[in-house]
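Chemist:
Numbering (my numbering), first residue to last: 71 to 457.
1) So, are the CB atoms of residue 338 and residue 322 less than 8 Å apart?
2) Do residue 232 and residue 290 have their C-beta atoms closer together than 8 Å?
3) Three or more C-beta pairs closer than 8 Å, one from the segment 382-392 and one from the segment 408-424: is that the case here?
4) Hey, could you find the ends of the alpha helix (DSSP H) residue 445 is sitting in?
5) Buried or exposed: residue 324, going by 16 or more other Cβ atoms within 10 Å of its Cβ?
6) For residue 113, which option in 164, 107 and 121 has the closest C-alpha, if you only look at C-alpha atoms?
7) Does the segment 393-404 come into contact with the segment 147-159, if we say contact requires no fewer than three beta-carbon pairs (one atom in each stretch) closer than 8 Å?
8) Can you give me the start and stop residues for the beta strand (DSSP E) that residue 359 sits inside?
9) Enumerate, from N- to C-terminal direction, the unbroken alpha helix (DSSP H) stretches of 4 or more residues contained entirely within the segment 337-411.
10) Going by C-alpha to C-alpha distance, which of 419, 405 and 409 sits closest to residue 68?
11) Excluding sequence positions up to five away, which residues of its chain have a Cβ less than 8 Å from the Cβ of residue 136?
12) Residue range of the beta strand (DSSP E) that residue 127 falls in?
13) For residue 452, is the classification buried or exposed, using 16 other Cβ atoms within 10 angstroms of its Cβ as the cut-off for buried?
14) Where does residue 98 fall in DSSP's three states?
15) Go through its chain and collect everything with a Cβ distance to residue 123's Cβ below 7 Å, but skip five positions before and after it.
16) Tell me the DSSP secondary structure of residue 452 in three-state form.
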């Protein structure tokens with residue numbers, strides 16, 4: 071059973087009125103959301119990266135034979151149409167982007183737009199992006215939504231996808247409304263599998279839900295570590311007056327179709343910094359030159375307060391400690407882009423980058439940008455170019 075709380079597919083999808091019941095008692099599996107505990111504020115002594123490392127540990131890290139790092143060249147996304155047209159460069163709405171490389175092609179995925187459940191762009195150079203097309207040059211939607219999705223437009227209301235190669239195929243995860251709780255939309259996470267990064271992606275397993283959180287769980291990220299172990303990260307929306315929003319992780323099975331049978335959920339970060347406002351969300355994990363990074367967004371995505379922070383982790387299950395001295399890494403003030411967030415970090419030819427969205431004008435279009443970073447000697451990050 072994929073879901074870690076005892077909720078059948080009909081329960082997560084809601085009853086005939088689309089109402090999501092509260093979570094029931096946990097099964098023999100570990101709970102989806104564990105009890106809240108105090109998270110560490112310092113990294114374990116064997117983690118040789120992060121702010122405030124002493125000179126001995128810094129020297130030990132520098133003595134390691136780390137993979138090569140290349141100073142990244144800035145990437146400016148090329149102009150294009152705001153309309154989704156096959157064969158035409160696109161520069162329109164593309165929120166909460168995810169990215170992967172397969173062969174010579176880059177694939178980018180985003181929150182639904184243009185009537186597509188999983189809008190997908192492809193590129194050879196990270197600059198010019200065109201809509202994924204059929205072999206005959208037709209418009210294509212690579213994802214089939216599950217029957218539990220309650221949304222307008224025939225199930226189009228899907229967002230913040232995470233896609234990665236897992237085992238002998240690709241796993242695409244997404245968030246979607248599964249009904250209502252307390253008059254508000256309740257969200258769950260669905261998993262799908264495809265034989266290529268261009269799909270088609272078909273539903274697998276059961277949806278991942280947590281009924282006690284009124285807004286549910288969203289923003290899935292599928293991360294495969296350097297040992298080829300797959301993980302699912304997500305945002306827990308919190309429980310009003312009881313528990314703040316947080317970022318969680320759990321190991322997937324080898325096929326990426328559900329949680330591994332012996333896996334447990336770990337909390338990586340919880341809302342804590344002033345710049346984060348009322349929430350943190352959109353986790354993105356990446357490993358680069360011996361360091362595990364967790365990127366995340368904070369504050370209100372609907373305006374220019376939205377920003378991106380990062381933490382350094384001991385590994386995929388944490389613990390994770392925020393860096394940049396409590397300030398965001400990418401903000402409106404530091405980048406000149408309005409509300410930079412919803413991003414996914416990735417490695418490109420020995421360089422660390424992030425694809426993210428920012429408003430062209432608040433309330434109009436959230437467009438794609440690509441930031442470039444430099445890893446300092448202590449493992450912390452410098453923004454080379456905000457994109």
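Note that the Cβ used here is the ideal one computed from N, Cα and C, for glycine as well.
All figures in this text were calculated on a predicted structure; none of them were measured in a lab.
Modeler: The structure says:
1) no
2) yes
3) no
4) First-last for residue 445: 436-445, but that is the beta strand (DSSP E), not the alpha helix (DSSP H).
5) exposed
6) 121
7) no
8) Here residue 359 belongs to no beta strand (DSSP E), and DSSP marks it neither H nor E.
9) 402-405
10) Since the first residue shown for the chain is 71 and the last is 457, residue 68 is missing from the structure and cannot be characterised.
11) 359 and 360
12) Per DSSP, residue 127 belongs to no beta strand (DSSP E); it is in the alpha helix (DSSP H), 125-133.
13) exposed
14) Only weak support exists for where residue 98 lies, its pLDDT of 43 falling under 50; the value from the coordinates is given anyway. Correct three-state label for residue 98: coil.
15) 448
16) strand
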